[in-house]
Structure formats: structure tokens, C-alpha cells
Amino acid sequence: MGKLKDSFSLTPVEQKHDNNTTIENQDSLVDKVTWRHYSFFFIHFLEDISYALSLPIMDQYLYAKLAEEHIENTTLAINSTFSHGGNSLCSVNKASPVYLLQQKIQSEAATWGLYFSLIQGIPQAFMVLLLGSWTDILGRKPVIAYNMLGFAGRCVVYIAVMHWKLPTGYLLIGYFLEGISGGYFANILLAYVYTVDLTAKGRLRGTFLVIVGNLSYLFYGTINFATGYLLRAFGFFWPTVSSLIFKIVLVILLLVFAKETVKTRGKWSDLKLGKSMRRVLKFYLKTDKYQNKYSRLKFILCIICFITLSQSLYGIWTIERLYQFNSPFCFDSIKRGHYVGIMSIVQPVVSTIALKIFQLFLPDDIIGVTAVFTSIAQNIFVALASSEWMLYAAGLVGAPGLLSFAMIRTIVSQLSDATEQGSVFAGLGTVEAICGMTSSLMLNSIYAHTLLWMKGFVFVVVAICCIAPASLLLALHFVIKKEQKEQGEVTVNTVEMECKDSTPSTSQSNNEDGMKHGKVEEERKESEYDKTTKGEYNLGYTN
């Protein structure tokens with residue numbers, strides 16, 4: 001019975017061998033973590049800083065460039081108000097020509113957002129699937145370096161357009177280059193895979209996944225404090241050049257210092273498209289290895305939940321920026337930097353504290369449900385906001401919402417083997433890449449068609465869409481409970497059969513066996529009670 005009980009726990013499993021030696025099942029790729037492993041996270045967080053430095057500048061450059069193109073005989077130039085982060089077109093008088101021009105620029109910026117999402121999102125979705133799967137074959141470092149160079153290519157294109165004042169359409173080339181490198185979604189996927197490589201299965205892994213995601217968010221927000229001032233002081237060009245140089249240096253540091261976690265490499269033939277796709281899809285299909293109906297069902301529920309959650313939330317970032325630049329908020333780059341900076345510090349801290357509190361009495365799936373409901377509340381609050389303080393209050397209310405994606409990643413990572421984490425996360429990353437494109441398309445379209453009569457309507461739509469992933473996480477919770485119940489019944493029946501097989505003919509032996517069985521049953525009930533009170537629900541993975 002001890003072996004049965006261990007195989008369904010959330011802690012590393014110990015098995016007895018014939019020579020009475022005890023070994024631990026492999027549920028992480030690295031036995032001993034060194035400073036070279038930790039150097040990856042140092043490089044990754046510096047990369048987040050580089051990304052944070054350039055991304056808001058690129059977003060606001062588009063807005064400024066469109067404004068310049070639409071205003072004839074203007075003194076507004078790339079080095080004047082707009083290019084330095086100003087927002088002189090913001091007007092609350094709906095009858096004024098300035099207000100109408102502002103709405104036209106907003107609509108056109110949203111349209112260009114659709115084009116950028118398509119040209120980047122289509123190749124990105126395909127490449128995330130391949131790159132995640134390839135990490136199990138080639139190792140983590142080569143794929144990470146390739147991904148980092150993709151964003152450097154986007155920086156090069158932006159620099160060229162800024163310097164030679166090329167038409168806006170040339171920016172599409174940069175988004176395509178980033179797309180074929182896997183983009184942001186491959187970047188965060190690889191960071192999570194590396195984290196899983198260093199951690200054992202259990203609740204501590206979930207904590208580390210949350211910390212890695214929150215630290216990335218934190219560094220991003222910290223740099224946003226300075227972005228607005230950099231725009232005012234240096235314009236768009238030099239911060240983008242600095243980000244490019246920074247990115248190239250980080251690639252060199254990665255190749256020199258970070259340590260590879262994949263010890264056994266595959267064959268070149270394993271990189272073929274068909275094999276790569278099979279490695280990713282096998283978790284959701286009926287195969288020899290995953291015959292357990294509950295295992296497949298949990299994978300399927302997790303991926304559908306991840307799809308609906310990503311489709312609901314991933315496109316909101318661009319819309320939020322346009323929403324804040326519009327009246328009645330009339331943010332400029334300074335205000336936008338302050339908002340993103342404060343939220344990027346407050347939300348990770350609040351969500352991490354919330355996680356540790358939730359883990360005292362809730363399982364991971366119910367923590368995910370709670371997080372989704374806070375995201376719903378946040379979006380409703382933003383939709384009804386009429387002043388800056390309401391935007392900040394909404395961000396505080398929705399802070400635990402950061403946990404929703406992390407909880408799904410934690411559950412999925414613990415359903416699979418350590419040698420397959422790249423393929424597992426490739427499935428999630430592909431969903432993120434596709435939904436990052438389709439969500440942006442959907443929300444940009446809704447915002448462009450509804451901003452004249454209700455600017456915040458798009459956030460109401462997002463809140464409604466979030467009901468689906470919350471429901472799916474609840475369904476996952478009941479599936480896990482049902483599996484636990486069946487496993488408990490199987491355990492009891494197995495013990496009863498063992499007792500009958502070994503029952504002697506004497507009444508004294510019968511009494512002793514009955515006492516043993518009663519003790520076993522009592523231990524099983526106490527174990528179930530402990531798991532329920534601590535929130536340590538079985539996820540049903542086996543090694």
C-alpha cells in the first residue's frame with residue numbers, strides 16, 4: 001500500500017530497490033543547482049529590462065507617427081511633443097476638431113495593431129510549438145539565444161524607420177522577424193521550462209513559477225517609470241538603440257555563463273515537423289503512455305481553460321494603453337509610465353502574498369478560479385472608471401488575477417515527466433501565441449467600433465469571457481476529486497484482497513489482520529483529511 005500511496009502524492013516519490021537502496025524518482029532534470037543555473041535567471045530578468053525599455057517606446061512611436069502623418073502644416077515633429085511622449089491631441093470636447101482627429105488616430109492605431117498582430121502572430125504560433133518541442137532535443141540554451149535575437153531584429157527595423165523616416169508599413173518587417181523567433185510567448189515559455197527543470201514536483205514549483213512571472217512583471221514595471229522621462233529627454237531613437245545593444249550583450253552572456261539543463265540530446269531527425277507535433281499533442285490524445293482517462297481529461301480541461309483565459313485577457317494590454325491615452329484620462333507617456341510602473345510593483349507583491357495565503361487552505365485549481373474572478377472584477381471596474389484613481393483601484397482588485405495562468409502551468413507541469421516539459425509547455429505557449437493574436441484582433445475590433453458610444457465596453461466583454469475559464473477550472477476540481485475517490489476505493493479493495501490472501505486459519509491471526517486492516521484504513525482517512533485541509537489535492541501524475 002505504501003507504494004500505491006506514494007505514486008499519487010505531490011511530493012517526490014521514493015522507491016525501494018531489490019538491494020534495499022532508496023532512490024528518488026526523476027521529476028526534475030537537475031540534481032544539483034549551481035550558480036551557473038541561477039545566472040540564467042539573472043540574464044532573463046535583464047532581458048525583461050531590455051524588453052521593457054523598448055516596447056512602450058515602440059508602441060508610443062506608432063501613435064506619434066500616425067499623429068504626425070495626419071496633421072498637415074504642423075509644427076509637431078518626431079522630435080517635438082508627440083515624439084517625446086506628449087499628448088497634445090487629447091481633448092474632452094466631443095464637438096471639437098481636435099477630439100475627432102484624436103478618435104481617428106485611435107481607430108487607425110487599433111487597425112495597425114491588427115496588422116501587427118497578424119504578421120507577428122501567425123508565424124509566432126507555429127514557431128512556439130516547434131521551439132518548445134525542440135528544447136527537449138537540442139537543449140534550452142540554443143533555442144533561448146535564437147529567441148532573443150528575434151526581438152533584436154525588430155529593434156533594427158524600428159531604428160531604420162525612425163532614422164530614415166520610412167512609411168509605417170515597414171514596421172511590419174520587424175514584427176515578422178520577431179514572430180519567426182517565437183516572440184514573447186516563446187521567451188516566457190523557455191523561462192518557465194528552465195524553472196521546472198530546477199524544481200521538484202509539488203507546491204513549491206508553483207510558487208517558483210509565480211515568482212519568476214512576477215519578477216519579470218516587476219522589472220518591466222520598474223523600467224516603465226523611467227520610459228516616459230527617457231522619451232522626453234532622448235526621443236524614440238536612442239533608447240531603442242540602447243535596447244538593441246543590451247540584447248546582443250545578453251545573448252553573449254547566455255552562451256558563455258548559463259548552464260544547460262538537458263543532459264541527453266536527441267537526434268536531428270527528431271526535429272522534423274511531424275515528430276515535433278506528436279511530442280506536443282500526445283498528452284491530449286489516447287496513447288500507450290497516457291491510457292488513464294483521468295490523465296487525458298485533466299490535460300484536455302487544462303488546455304481548453306488556458307485557451308479561453310488567453311483569448312479573454314491577452315489582447316487587453318494594447319487596448320488598455322489606447323483607453324488610457326483617450327479622454328477622460330488623457331494619459332501621456334509620463335502618466336502611462338507611472339501607472340504601469342506602480343501596477344507592475346503592487347500586483348506581483350499582492351499576488352505573491354495572496355498565493356501563500358490561498359495555499360494554506362485551497363488546492364491549485366480553486367486558487368485559479370479565485371484568480372479569474374478577481375480579473376473579472378478588475379475589468380468591470382475599468383469599464384466603469386471615470387478617473388485615474390479608479391484605474392489604480394481596479395489594478396489592485398485584480399492583482400491576484402496574475403495567479404490564474406501560473407496555476408494552470410503548475411498543474412500541467414506536474415502531470416508530465418521531467419524530460420517532456422519543453423513539449424508540455426510548447427502546447428501552452430502555442431495557445432498563448434495564437435490567442436495573443438486572435439484576442440488582439442477581437443478586442444481591437446470591438447474597441448474601434450464601440451469607442452464612440454462606450455469606450456469601456458470592450459472590458460465588459462472581457463469580463464464576460466472570463467466566466468468560461470473559471471467554469472472549466474471548477475470542472476477540473478471535480479474531476480480530481482472523483483479520481484481521488486476512485487483511487488481511495490481501489491486502495492481499500494487492494495488491501496482487503498491482500499489481507500484475505502494472507503489470512504491464517506486461526507482466529508488470533510484473523511483478529512491481527514483485522515487490526516492491521518483497520519489501522520491501514522485509519523491511516524488512509526487521516527492522509528485524505530490532511531490533503532484536504534492543506535489543499536494538497538492529488539493531480540494524478542505517475543512517474
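With UniProt numbering applied, the sequence shown has no gaps in its numbers, which climb one by one up to 543 at the end.
Each residue gets a CB set at the ideal place from its N, CA and C atoms; glycine is no exception.
Can you give the Cα-Cα distance for residue i and residue j, rounded to whole angstroms?
{"i": "D332", "j": "L66", "result": "16 Å"}
{"i": "I480", "j": "C302", "result": "12 Å"}
{"i": "L322", "j": "L46", "result": "27 Å"}
{"i": "K272", "j": "I137", "result": "11 Å"}
{"i": "M148", "j": "T222", "result": "21 Å"}
{"i": "L215", "j": "P97", "result": "44 Å"}
{"i": "L118", "j": "T264", "result": "37 Å"}
{"i": "Q106", "j": "G153", "result": "27 Å"}
{"i": "M407", "j": "G206", "result": "7 Å"}
{"i": "C305", "j": "A475", "result": "10 Å"}
{"i": "Q378", "j": "G429", "result": "25 Å"}
{"i": "S344", "j": "S181", "result": "26 Å"}
{"i": "Y294", "j": "S276", "result": "24 Å"}
{"i": "L278", "j": "K298", "result": "The question names Leu, but residue 278 is Arg in the sequence shown. Cα to Cα, the separation comes out at about 18 Å."}
{"i": "A383", "j": "F116", "result": "25 Å"}
{"i": "C465", "j": "E486", "result": "33 Å"}
{"i": "V461", "j": "K286", "result": "36 Å"}
{"i": "P167", "j": "K104", "result": "18 Å"}
{"i": "F234", "j": "I159", "result": "14 Å"}
{"i": "T450", "j": "G183", "result": "30 Å"}
{"i": "L396", "j": "I248", "result": "36 Å"}
{"i": "S327", "j": "I380", "result": "18 Å"}
{"i": "I366", "j": "V30", "result": "30 Å"}
{"i": "S387", "j": "H163", "result": "37 Å"}
{"i": "K165", "j": "D59", "result": "16 Å"}
{"i": "L362", "j": "G488", "result": "20 Å"}
{"i": "L100", "j": "L55", "result": "27 Å"}
{"i": "I319", "j": "A426", "result": "27 Å"}
{"i": "G202", "j": "L360", "result": "14 Å"}
{"i": "T477", "j": "F358", "result": "According to the sequence shown, residue 477 is His rather than Thr. Rounded to whole angstroms, H477 to F358 spans 15 Å at the Cα level."}
{"i": "E68", "j": "Y38", "result": "46 Å"}
{"i": "A385", "j": "L313", "result": "18 Å"}
Residues in its own chain within less than 8 Å of residue i by CB, not counting five upstream and five downstream?
{"i": "Q324", "result": "F331, K335, R336, Y339, L391"}
{"i": "L402", "result": "V210, G213, N214, Y217, Q347, P348, S351, A371"}
{"i": "G179", "result": "I119, Q120, G121, I122, P123, Q124, M127, G150"}
{"i": "Q311", "result": "C435, T438, S439, M442, C465"}
{"i": "L452", "result": "Q103"}
{"i": "T34", "result": "K259"}
{"i": "V431", "result": "I303, F306, I307, S310"}
{"i": "V193", "result": "G132, T135, R140, Q421, G422, F425"}
I'd like the list of long-range same chain contacts for residue i, defined as Cβ closer than 7 Å, with 5 residues on each side in sequence excluded.
{"i": "F373", "result": "A470"}
{"i": "I57", "result": "T227, L231, F236, P239, T240"}
{"i": "V143", "result": "L131, W134, T135, L190"}
{"i": "I49", "result": "F219, I223"}
{"i": "V161", "result": "Y170, L171"}
{"i": "F176", "result": "I119, Q120, P123"}
{"i": "V424", "result": "F283, V412, S413, S416"}
{"i": "R36", "result": "F257, A258, K259"}
{"i": "V251", "result": "A145, M148, L149"}
{"i": "A463", "result": "I376, N379, I380"}
Under 6 Å Cβ to Cβ from residue i, same chain only, skipping five residues before and after it: list those, please.
{"i": "F208", "result": "T195, T199"}
{"i": "Y290", "result": "Because the pLDDT of Y290 is 49, which lies under 50, any placement of that residue in the model is unreliable, and the number read from its coordinates should be weighed accordingly. Here the set comprises R296."}
{"i": "A433", "result": "Q124, A125, V128, F185"}
{"i": "V157", "result": "I173, G174"}
{"i": "I300", "result": "Y284"}
{"i": "F225", "result": "G337, G341"}
{"i": "F246", "result": "S50"}
{"i": "G266", "result": "I137"}
Contact check, residue i vs residue j under 8 Å by CB: the rounded distance?
{"i": "R243", "j": "L53", "result": "One point to set straight first is that residue 243 is Ser, not Arg, in the sequence displayed. 5 Å between Cβ atoms; contact."}
{"i": "G436", "j": "F185", "result": "6 Å"}
{"i": "D364", "j": "I411", "result": "6 Å"}
{"i": "S404", "j": "G315", "result": "That pair is no contact at about 16 Å."}
{"i": "P400", "j": "A354", "result": "4 Å"}
{"i": "S28", "j": "D197", "result": "6 Å"}
Touching by the beta-carbon criterion (3+ pairs, under 8 Å), the segment 364-383 and the segment 457-474: yes
Inter-stretch contact at 8 Å, needing at least 3 Cβ pairs: the segment 426-444 / the segment 100-120: yes
The segment 382-400 touching the segment 182-196, judged by at least three CB pairs closer than 8 Å: no
Three CB pairs or more closer than 8 Å across the segment 130-146 and the segment 453-460: no
Cβ pair count under 8 Å reaching 3, the segment 250-262 against the segment 29-47: yes
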